[in-house]
């Protein structure tokens, strides 16, 4: 099992460009999450999906959209990237209990 | 006030030392508590859950004090491989799933 996979691993964007971060899990988990991690801020929840077909805002959703494509895949889209969105993005999944399993992360720089 | 607060460190300790990390949380309704470990430039991974009765996993002991809203992690006989950032995590209930609230982490550097 690959667990949680994310693509790309690294990305550099110019201000105003758009991109989609991809996430997939092969553990048959119902819930999936997107976080960003910034120095001194810890991990902050952007959006989550409790089950296929549902999505909800987390703590910092502004500037992002998500799609739960199916049970396996949960994508995060930046429509018009801003330097404030420079961060490391982690996708995670979980089943019934609260333990979450994280992907390796995407390092995004917005110039 | 942050929902989960930790001393960011760094804690620089020699191999073999015992080191303790503390964490406080603000939401008295939180039900589940964890320590996650994050290696440099890697993803967080669950280290252990924390129970009111305390729990031990090898060299690691976690304690929870609900009255004081305080969580601790004790590492005995530190190894070089223990060098990492340790994240204190509590659950926040809302909506249809369990959300986790992460502390900013405590950096541990074990020196040879």
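Residue numbers (the numbering used here), protein chains in the order written: chain A, 392 to 502; chain B, 7 to 118.
For glycine and all other residues, C-beta sits at the position ideal for the given N, C-alpha and C.
Just so we're clear, the structure is a prediction, and the values are computed from it rather than from any experiment.
Do we get a CB-CB distance below 8 Å when we pair residue i with the residues of chain B?
i	result
residue 491(A)	yes
residue 496(A)	yes
Going by the DSSP bridge assignment, what does residue i pair with across the sheet?
i	result
residue 20(B)	117(B)
residue 50(B)	44(B)
residue 429(A)	433(A)
residue 459(A)	465(A)
residue 62(B)	67(B)
residue 28(B)	78(B)
residue 447(A)	439(A)
residue 55(B)	40(B)
residue 499(A)	402(A), 478(A)
residue 93(B)	42(B)
residue 11(B)	30(B)
residue 415(A)	396(A), 464(A)
For a contact meaning CB atoms closer than 7 Å, what does residue i contact in chain B?
i	result
residue 481(A)	49
In chain A, which residues lie less than 7 Å from residue i when you measure between Cβ atoms?
i	result
residue 108(B)	433, 434
residue 52(B)	490
By the criterion of Cβ-Cβ separation under 8 Å, what are the contact partners of residue i in chain A?
i	result
residue 97(B)	489
Within 8 Å (strictly less), CB to CB, does residue i reach chain A?
i	result
residue 104(B)	yes
residue 64(B)	no
residue 60(B)	no
Flag residue i as yes when its Cβ comes closer than 7 Å to any non-hydrogen atom of the ligand FAD, and as no otherwise.
i	result
residue 108(B)	As presented, the structure is devoid of all ligands, the ligand FAD included, so that no description of it is given.
Are three or more beta carbon pairs between the stretch 23-36 of chain B and the stretch 424-436 of chain A nearer than 8 Å?
no
Could you check whether the stretch 444-451 of chain A touches the stretch 10-22 of chain B, counting it as contact only if at least three pairs of C-beta atoms, one from each stretch, sit closer than 8 Å?
no
Along the stretch 16-41 of chain B, where does the CB come closer than 7 Å to a CB of chain A? Name the residues.
38
Residues, ordered as in the chain, of the stretch 410-438 of chain A that lie near chain B by beta-carbon distance below 7 Å
422, 431, 432, 433, 434, 436
Stretch-stretch touch, CB-based, cutoff 8 Å, three pairs: the stretch 414-434 of chain A with the stretch 461-469 of chain A:
yes
Touch check for the stretch 15-31 of chain B and the stretch 79-95 of chain B: three-plus C-beta pairs under 8 Å?
yes
When you compare the stretch 61-81 of chain B with the stretch 472-483 of chain A, are there three or more beta-carbon pairs, one atom per stretch, that lie closer than 8 Å?
no
Inter-stretch contact at 8 Å, needing at least 3 Cβ pairs: the stretch 103-115 of chain B / the stretch 56-65 of chain B
no
Sufficient close CB pairs (3 or more, under 8 Å) joining the stretch 491-498 of chain A to the stretch 452-461 of chain A
no
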